[in-house]
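Enquirer: This structure is in structure tokens; I'll ask about it shortly.
Numbering (the working numbering), first residue to last: 23 to 262.
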């Protein structure tokens, strides 16, 4: 009983910890549920732990800060003010939350900043549109009828299905570029050129095109030169 009393006193003294505890449980559980729904043979516990870490140390403090700011700016709990708060949230906090989730989770997966930025660019708008259909209603109820001390916890509970959706979106592969788009990017980044350079060697064909991780491309019926980024010249690439 003494232990429970200490926890209760601690949570009252530091209200943010209640939200952090809720997100530390709900987010990894949501990740595991998403994996089960898509039929994974073996659950990815490392992925679930990343969701727990991000939910606890990123999402909960962000939500706590936003709700505290909203309560200070609009202390009234009337339905009209609640609607105003929820709409302001959709044009201020929500875009930051979606973008930071896509970028932050990609970084936790060990991906490069370029890959993380590309994922934000590809997935941000569809994810934001879905959230805009759901969260204004939830937050209107939250701001109008839930006591301030319980608002972060209320959001965390409501975010269960939303986080399952986020986990699903996060695991979707980014749309692969078309051959023309890859070729254009290679030219723009000066990774290929029509001008031969000294110290080259012939490569007849490069396959396994993966524009995210490599800069090889099969295109057209011309001889292009793939620049060697190690500084050892360039190599001619016969593309078909």
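Every residue gets a Cβ at the ideal spot worked out from N, C-alpha and C, and that includes glycine.
Can you tell me the Cα-Cα spacing of residue 123 and residue 159, whole angstroms?
Expert: The alpha-carbon atoms of residue 123 and residue 159 are separated by roughly 21 angstroms.
Enquirer: Can you tell which of 127, 167, 91, 132 has the C-alpha that lies nearest to the C-alpha of residue 80?
Expert: Ranking 127, 167, 91, 132 by Cα distance to residue 80 puts 127 first.
Enquirer: Check whether the Cβ atoms of residue 162 and residue 92 lie closer than 7 angstroms to each other.
Expert: No, Cβ-Cβ distance for residue 162 and residue 92 is not below 7 angstroms.
Enquirer: So, with DSSP's three-state summary, where would you put residue 36?
Expert: Correct three-state label for residue 36: coil.
Enquirer: The alpha helix (DSSP H) with residue 101 in it runs from where to where?
Expert: Unbroken alpha helix (DSSP H) run through residue 101: 101-113.
Enquirer: Candidates 136, 142, 98: which alpha carbon is nearest residue 117's?
Expert: Answer by Cα proximity: 142.
Enquirer: Could you tell me the distance, in whole angstroms, from the CA atom of residue 87 to the CA atom of residue 46?
Expert: Cα to Cα, the separation comes out at about 17 angstroms.
Enquirer: Just tell me which of 71, 129, 53, 109 has its CA closest to the CA of residue 156.
Expert: Checking every option, the nearest Cα to that of residue 156 belongs to 109.
Enquirer: What residues in its chain sit with their C-beta under 7 angstroms from that of residue 176, if we drop five residues either side in the sequence?
Expert: Hits under 7 angstroms: 164, 168.
Enquirer: Less than 7 angstroms between C-beta atoms, sequence neighbours within five positions excluded: which residues of the same chain meet that for residue 178?
Expert: The residues are 41, 44, 45, 48.
Enquirer: I need the straight-line Cα distance from residue 305 to residue 171, nearest angstrom please.
Expert: Absent from the model: residue 305. The displayed extent of the chain is 23 to 262, so no value can be given.
Enquirer: Any heavy atom of the ligand ADP closer than 6 angstroms to the CB of residue 32?
Expert: Among the ligands in the structure shown, none appear at all, so the ligand ADP cannot be discussed.
Enquirer: If we ignore side chains and look at the alpha-carbon of each, how far apart do residue 69 and residue 78 end up?
Expert: Approximately 14 angstroms, taken between the alpha carbons.
Enquirer: If you compare alpha carbons, which of 192, 114, 154, 66 is closest to residue 144?
Expert: With distances taken between Cα atoms, residue 144 lies closest to 192.
Enquirer: Name the residue from 89, 111, 72, 67 whose alpha carbon lies nearest to the alpha carbon of residue 174.
Expert: Among 89, 111, 72, 67, the Cα nearest to that of residue 174 is on 89.
Enquirer: With DSSP as the reference, label residue 264 as helix, strand or coil.
Expert: Any question about residue 264 goes unanswered here, given that the chain covers just 23 to 262.
Enquirer: What are the boundary residues of the alpha helix (DSSP H) that residue 96 is part of?
Expert: That residue, residue 96, is in no alpha helix (DSSP H); it is neither H nor E in DSSP.
Enquirer: Grab me the residues of residue 71's own chain with a C-beta within less than 7 angstroms of its C-beta, minus the 5 sequence neighbours each way, in chain order.
Expert: These residues qualify, in order along the chain: 50.
Enquirer: Measure from the alpha carbon of residue 39 to the alpha carbon of each residue in 194, 107, 85, then state which is nearest.
Expert: Nearest C-alpha to residue 39: 85.
Enquirer: For residue 62, which of helix, strand or coil comes out of DSSP?
Expert: Coil, per DSSP.
Enquirer: Could you check which residue in 100, 55, 62 has the C-alpha nearest to that of residue 189?
Expert: When only C-alpha atoms are compared, the closest one is 55.
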